[in-house]
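Engineer:
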Ligand SMILES: Nc1ncnc2c1ncn2[C@@H]1O[C@H](COP(=O)(O)OP(=O)(O)OP(=O)(O)O)[C@@H](O)[C@H]1O
């Protein structure tokens, strides 16, 4: 009998400390293909989780599997990185690079073959609407264009796992609408994790929502389920998802004693 397919991402008791701060408190979660919204108040642990999955920060304890590889096994990291796309909140670049050179450089880091790189770079730039700015220098881009270049580099290898930390910051409304369409498209085959504070992004693009609070899972469900939690118009918030978010957080805080995000 064939084995059931493994989830793209599997966390078991994942714990992350930053010095004395507990940022993630024994998270056990799976993420399959689809677009997953990662929500939570400031300091909830969203960036800490994304950085571990992106293989740029270690777990303090617990087990993390990405695409079937245990991230504790350093020999597996190159294979995982080839199949990952990652947009950090702030990303570095050589200001003198053109947009095309910037994305091609990441393609090279991801070990794309010389034959496929050119077409992959053009496709990634087209997907974020930067095809006509390919020869512009990175230092001349506006904030929104820079973010789109960052999204293009995360997409260039057609990743199986795409990690985006607040990707819509700086995008204008038209670009955000197109970006959500892009997320839905990528999420058909890949597991996409997108951390955001923007309710519209969640409502339009995410199939599932994971709400973190103080390093723990405060709520998990489909976008529709979170919106249904916010059916009571007396709850704080202007949108059902915002009200669902508030209700889920309040419920979590009432039932779970505070543990993470505190120095001890
Ligand atoms: N480098 C660091 N050194 C010390 N503490 C840190 C460090 N990075 C994060 N923390 C702490 O870890 C906790 C989780 O932070 P994290 O950045 O993961 O949260 P977040 O949900 O991404 O927040 P935000 O919505 O503000 O981006 C917070 O208490 C934060 O202060």
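Numbering (this note's numbering), first residue to last: 62 to 325. Just so you know, even glycine gets a beta-carbon here, dropped at the ideal spot from N, CA and C.
1. On the DSSP letters alone, give me the boundaries of the alpha helix (DSSP H) that residue 264 sits inside.
2. Tell me whether the beta-carbon of residue 231 lies closer than 7 angstroms to the beta-carbon of residue 194.
3. Tell me the DSSP secondary structure of residue 100 in three-state form.
4. Provide the residue(s) that pair with residue 91 in DSSP beta bridges, ordered along the chain.
5. Counting only beta-carbon separations shorter than 7 angstroms, does residue 269 have a partner in chain B?
6. Let's see if you can read the secondary structure: which residues bound the beta strand (DSSP E) around residue 254?
7. Below 7 angstroms between beta carbons: does that hold for residue 363 and residue 69?
8. State whether the segment 123-132 contacts the segment 171-185, with contact taken as three or more CB pairs (one from each stretch) at a distance under 8 angstroms.
9. Counting by C-beta, which residues lie closer than 6 angstroms to a heavy atom of ligand 1, in chain order?
10. Can the beta-carbon of residue 106 be found less than 7 angstroms from the beta-carbon of residue 76?
Structural biologist: The short version:
1. 260-266
2. no
3. strand
4. 71
5. The displayed structure is made up of one protein chain only, and chain B is not part of it.
6. 252-256
7. Outside the shown range of the chain, which is 62 to 325, sits residue 363, and nothing can be said about it.
8. Judged by Cβ distances under 8 angstroms, the segment 123-132 makes no contact with the segment 171-185, as fewer than three pairs qualify.
9. Working through the chain, the matches are 79, 80, 82, 84, 101, 103, 104, 105, 106, 107, 108, 109 and 322.
10. In this structure, residue 106 lies away from residue 76, with their beta-carbon atoms at least 7 angstroms apart.
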